[in-house]
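What follows is the structure, encoded as structure tokens:
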């Protein structure tokens, strides 16, 4: 019995299944959660998704009615955890990634826990761990679960659409070096199951609001700073600036990748002041320019080598100055090469 067949056995034996994912939901956390939910339903079982907070608006073209949010319905989420005899931990490697409220519920639960994830350095709390750090997304691993447990025949458009979304968003539309030949094999299976990939791209790309575009324009024209000695670009946005452009969750998600598209850039780092702290998005190109170590060692974060997150409780100015002091330690000086 392979590990995916073991997971299938646990699904069939469970009475109350809860699917969780990390705080600050993204395409992969939403996609893998919904894909797994629909697969579990095809196996004749019931499950419920419990996430810490709401996903960005541009992901809500999917049917998210089965997702309970800790920030909106703490009593229902708490009850779901109390009843659970099987908890899936998707797209995160440590209990603190679900936020303090859900972390307590997760750690106090005596139910079996199954981690399916692709981030580095997973904690050892689960009963079963699938940790494939070379894989581009957790959504790809859910397809592996479906196929390697012997149920590829169950894959259809309902299951496949959110999984395609998760792979698409976590690979930057298939541009990151985490994309492997197996990724494209998986994508072919999703398309063969009825997934309409062109509609997913349209839903993600053609949904800008005027305020979002104006905020991005302001950030690029007024706040972009390029450290040419290191080919690193920085954008910082205060809470007042975000408010001026009627900021909504997800409005700055594409900024780092947009900046990284500038010719010659090694890395792009975007700071946004939200919820009383500085949220930081790190993006980079190439194995020689990892940003996860910088995020982990200095900004209470981490993630993938070329795509990481972090935070700071310093002011906007203090955080940016701290970063500038650290840049020479992590990126080579182009003037000396």
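Residue numbers (full-length UniProt numbering): 1 to 337. We treat Cβ as the ideally placed atom computed from N, Cα and C, and that holds for glycine.
Exposure of residue i, with buried meaning 16 or more beta-carbon neighbours within 10 Å
i, result
"residue 293", "exposed"
"residue 191", "exposed"
"residue 146", "buried"
"residue 121", "exposed"
"residue 82", "exposed"
"residue 110", "exposed"
"residue 162", "buried"
"residue 26", "buried"
"residue 47", "buried"
"residue 262", "exposed"
"residue 317", "exposed"
Other residues of its chain near residue i: CB distance less than 7 angstroms, five sequence neighbours each side excluded
i, result
"residue 126", "89, 113, 114 and 115"
"residue 123", "93, 94 and 95"
"residue 91", "21, 22, 28, 29, 32, 117 and 138"
"residue 246", "211"
"residue 172", "257"
"residue 97", "22 and 23"
"residue 319", "271, 278 and 312"
"residue 197", "164 and 191"
Residue of the options minimising C-alpha distance to residue i
i, options, result
"residue 18", "60, 79, 64 and 161", "79"
"residue 107", "327, 95, 275 and 76", "95"
"residue 290", "58, 304 and 146", "304"
"residue 268", "282, 23, 296 and 75", "282"
"residue 329", "230, 259 and 308", "230"
"residue 362", "311, 255, 81 and 101", "Because residue 362 is not part of the residues shown, which for the chain are 1 to 337, the question remains open."
"residue 255", "105, 100 and 221", "221"
"residue 287", "134, 169 and 208", "134"
"residue 74", "187, 84, 102 and 86", "102"
"residue 119", "170, 157 and 84", "170"
"residue 199", "189, 209, 157 and 219", "157"
"residue 3", "72, 46, 132 and 203", "132"
"residue 202", "296, 168 and 181", "168"
"residue 181", "300, 136, 160 and 333", "136"
"residue 253", "297, 280, 299 and 241", "280"
"residue 219", "209, 241, 204 and 205", "241"
"residue 248", "259, 209, 276 and 260", "209"
"residue 275", "298, 315 and 260", "315"
Distance CB(residue i)-CB(residue j) smaller than 8 angstroms
i, j, result
"residue 273", "residue 239", "yes"
"residue 195", "residue 164", "yes"
"residue 141", "residue 193", "no"
"residue 237", "residue 271", "yes"
"residue 30", "residue 55", "yes"
"residue 309", "residue 58", "no"
"residue 5", "residue 128", "no"
"residue 189", "residue 130", "no"
"residue 68", "residue 87", "no"
"residue 84", "residue 16", "yes"
"residue 12", "residue 45", "yes"
Cβ shell of residue i (< 8 angstroms), same chain only, five flanking positions each side left out
i, result
"residue 8", "43, 145, 149, 150 and 151"
"residue 232", "226, 265, 266, 267, 268, 269, 327 and 331"
"residue 105", "77, 78 and 81"
"residue 243", "none"
"residue 354", "The requested residue 354 does not occur in the structure, where the chain is confined to residues 1 to 337."
"residue 1", "9"
"residue 333", "229 and 230"
Cβ-heavy atom distance, residue i to the ligand MG, below 7 angstroms
i, result
"residue 263", "The ligand MG is absent from the structure shown, which contains no ligands of any kind."
Same chain only: Cβ atoms within 6 angstroms of residue i, ignoring 5 sequence neighbours per side
i, result
"residue 99", "23 and 52"
"residue 224", "235"
"residue 306", "284"
"residue 166", "27, 28, 31, 32, 137 and 139"
"residue 295", "282, 301, 302, 308 and 310"
"residue 324", "none"
"residue 207", "58"
"residue 186", "140 and 143"
"residue 260", "268 and 283"
"residue 363", "Examination of residue 363 is not possible in this model, given that the chain is present from 1 through 337 alone."
Are the region 169-177 and the region 214-233 touching by the rule of at least three beta carbon pairs closer than 8 angstroms? no
Cβ contact check for the region 61-77 and the region 33-48: 3 or more pairs under 8 angstroms: yes
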